[in-house]
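*Asks:* The structure follows.
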Amino acid sequence: MTQSNKIYVAGHRGMVGSAIVRILKSQGQTNLVMRTHAELDLTDQQAVRHFFETEKPDQVYLAAAKVGGIHANNTYPAEFIYQNLMVQANVIDAAFRNGVQKLLFLGSSCIYPRLAPQPMSEDALLTGALEPTNEPYAIAKIAGIKLCESYNRQYAVDYRSVMPTNLYGPGDNYHPENSHVIPALIRRFHEAKTSNAPSVSIWGSGTPRREFLYVDDMASASVHVMQLPKTEYEQYTQPMQSHINVGSGSDVTIADLALAIAQAVGYTGQIDFDATKPDGAPRKWMDSSRLNALGWQAKVSLIEGLSLAYQDFATPRTY
Numbered sequence: 072m073t074q075s076n077k078i079y080v081a082g083h084r085g086m087v088g089s090a091i092v093r094i095l096k097s098q099g100q101t102n103l104v105m106r107t108h109a110e111l112d113l114t115d116q117q118a119v120r121h122f123f124e125t126e127k128p129d130q131v132y133l134a135a136a137k138v139g140g141i142h143a144n145n146t147y148p149a150e151f152i153y154q155n156l157m158v159q160a161n162v163i164d165a166a167f168r169n170g171v172q173k174l175l176f177l178g179s180s181c182i183y184p185r186l187a188p189q190p191m192s193e194d195a196l197l198t199g200a201l202e203p204t205n206e207p208y209a210i211a212k213i214a215g216i217k218l219c220e221s222y223n224r225q226y227a228v229d230y231r232s233v234m235p236t237n238l239y240g241p242g243d244n245y246h247p248e249n250s251h252v253i254p255a256l257i258r259r260f261h262e263a264k265t266s267n268a269p270s271v272s273i274w275g276s277g278t279p280r281r282e283f284l285y286v287d288d289m290a291s292a293s294v295h296v297m298q299l300p301k302t303e304y305e306q307y308t309q310p311m312q313s314h315i316n317v318g319s320g321s322d323v324t325i326a327d328l329a330l331a332i333a334q335a336v337g338y339t340g341q342i343d344f345d346a347t348k349p350d351g352a353p354r355k356w357m358d359s360s361r362l363n364a365l366g367w368q369a370k371v372s373l374i375e376g377l378s379l380a381y382q383d384f385a386t387p388r389t390y
């Protein structure tokens with residue numbers, strides 16, 4: 072990658088996309104192409120094709136996606152599978168049609184079977200049943216990986232995929248019902264603190280274990296993978312198993328996570344767990360050894376990251 076490359080970041084206003092933009096700008100990249108959803112609906116094939124024909128980017132970071140937590144995935148399964156399938160198919164195909172040789176697709180750890188051996192390695196893909204609560208989203212993300220691999224095989228382009236663990240940090244979605252666990256708990260503990268609520272009830276038993284990665288670490292991993300020489304990347308991947316895991320290297324129980332978030336927020340009340348609500352998968356911990364061997368390591372600890380995330384939540388928005 073040179074500073075003259077025109078780089079399109081799809082989803083640049085999202086948590087991951089905005090972090091990728093920060094990393095690219097810090098490296099001196101100025102020729103960035105970005106469009107808001109109002110300017111370009113990525114589910115509209117004709118609009119996407121026209122955009123690529125007009126802009127002719129050299130590289131693409133495909134960070135645009137419809138995302139959400141257990142409640143959102145359970146409530147809107149049709150939207151999660153349809154919108155993500157359409158975005159991925161439109162962007163990847165239009166990129167190929169307009170000469171884009173390098174593309175990075177961002178997936179999710181939910182692509183792996185619900186009961187995959189822990190930590191989950193890349194070769195666990197398609198070896199078992201998915202977690203039912205987010206299966207439609209996972210199917211879409213698996214299709215994105217296979218789209219990239221299929222275009223690579225047939226057209227000899229260089230389309231790569233990274234599978235992040237659970238992400239959090241600046242730019243997260245703090246919606247009271249449709250957000251992921253960390254932003255949801257940050258909001259709930261903050262509201263409980265400001266209202267002096269004596270306790271906070273959390274979905275599930277608190278026993279499942281999850282791995283979390285600060286979003287700027289994910290962005291640095293994405294740029295690192297995109298910039299790897301093709302020969303080096305291919306040493307650690309296969310034509311039909313070309314994705315790379317991105318994780319922090321450790322996991323934590325939801326109960327311990329809740330306690331850490333409460334401490335970051337400054338909430339001192341009681342924390343209760345509602346075991347009648349779904350837990351999701353019992354454990355999701357990524358094997359990131361391939362990416363580590365390719366020269367990347369996470370830098371931001373969970374405690375530091377939670378503090379930064381709460382600062383972001385508590386900072387008044389100017390837009």
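Per my numbering, residue 72 is the first one in the sequence shown, and the count goes up by one each step. All residues carry an ideal CB built from backbone N, CA and C; glycine is no exception. All figures in this text were calculated on a predicted structure; none of them were measured in a lab.
Contact check, asparagine 316 vs leucine 284 under 8 Å by CB: the rounded distance?
*Replies:* No, asparagine 316 and leucine 284 are not in contact; Cβ-Cβ is about 11 Å, not under 8 Å.
*Asks:* Tell me, which residues are paired with threonine 236 by DSSP?
*Replies:* In DSSP, threonine 236 forms no bridge with anything.
*Asks:* Taking alanine 333 and tyrosine 381 to be in contact with their CB atoms under 8 Å, please state how far apart those CB atoms are, rounded to whole angstroms.
*Replies:* Not a contact, Cβ separation roughly 11 Å.
*Asks:* On the DSSP letters alone, give me the boundaries of the beta strand (DSSP E) that leucine 377 sits inside.
*Replies:* It is not in any beta strand (DSSP E) - leucine 377 instead sits in the alpha helix (DSSP H) that spans 373-385.
*Asks:* Straight-line CA distance for alanine 292 to threonine 204?
*Replies:* Roughly 28 Å separates the two Cα atoms.
*Asks:* From Val323, Ala118, Gln159, pick the residue whose C-alpha is nearest to that of leucine 174; which is it?
*Replies:* Ranking the options by Cα distance to leucine 174, first place goes to Gln159.
*Asks:* Quick one: what's got a C-beta closer than 6 Å to tyrosine 79's C-beta in the same chain, skipping five residues either side?
*Replies:* Val104, Pro128, Val131.
*Asks:* Taking lysine 96 as the reference, give the member of Glu303, Ala290, Val296 with the closest Cα.
*Replies:* Nearest C-alpha to lysine 96: Ala290.
*Asks:* Which first and last residues belong to the alpha helix (DSSP H) in which lysine 173 is found?
*Replies:* Segment 173-177 is the beta strand (DSSP E) holding lysine 173; no alpha helix (DSSP H) there.
*Asks:* According to DSSP, is phenylalanine 192 helix, strand or coil?
*Replies:* Reading off the sequence, residue 192 comes out as serine, not phenylalanine. DSSP places serine 192 in coil when its eight states are reduced to three.
*Asks:* For proline 349, tell me which candidate among Gly376, Trp274, Arg361 has the shortest Cα-Cα distance.
*Replies:* Among Gly376, Trp274, Arg361, the Cα nearest to that of proline 349 belongs to Trp274.
*Asks:* Would you mind reading off the limits of the beta strand (DSSP E) that contains serine 359?
*Replies:* First-last for serine 359: undefined, no H or E at that position.
*Asks:* If you measure between the beta carbons of alanine 143 and isoleucine 182, is that distance less than 9 Å?
*Replies:* No, the Cβ-Cβ distance between alanine 143 and isoleucine 182 is not below 9 Å.
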